[in-house]
């Protein structure tokens, strides 16, 4: 969700994850400044597993989120 401000990345992730099978992993790329904290909190609260966070550059991250 490059260019999308928070909570846009989380809303899009929620929509995509709903269509995925349990155990599948979503790669979410965001450059929203608050995304790192927001995605980590959202995954913990909703029961999704944040498998990894990769810093692509100083202002962009890739989040790997596993559907429970």
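In our numbering, the protein residues as written are 164 to 231.
All C-beta atoms in this analysis are idealised placements derived from N, C-alpha and C, irrespective of residue type, glycine included.
Predicted, not measured: the structure shown is a model, and the values here were computed from it.
From 179, 171 and 228, pick the residue whose C-alpha is nearest to that of residue 208; which is it?
The sequence position of residue 208 within the chain shown is 45, counting from 1. Looking from the CA of residue 208, the closest CA among 179, 171 and 228 belongs to 228.
Contacting residues, own chain, Cβ-Cβ under 8 Å from residue 222 (five flanking each side not counted)
In the chain shown, counting from the first residue as 1, residue 222 sits at position 59. Excluding positions up to five away in sequence, the list reads 194 and 196.
Within the stretch 176 to 220, note down every full beta strand (DSSP E) run reaching 3 residues or more, in order along the chain.
Qualifying beta strand (DSSP E) stretches, in chain order: 188 to 193 and 212 to 220.
Candidates 213, 202, 224 and 181: which alpha carbon is nearest residue 173's?
The residue given as residue 173 occupies position 10 in the chain shown. If we check each option's Cα against that of residue 173, 202 comes out closest.
Whole angstroms are fine: how far does the CA of residue 213 sit from the CA of residue 169?
Counting from 1 along the chain shown, the entry for residue 169 is found at position 6. Counting from 1 along the chain shown, the entry for residue 213 is found at position 50. One C-alpha to the other measures close to 18 Å.
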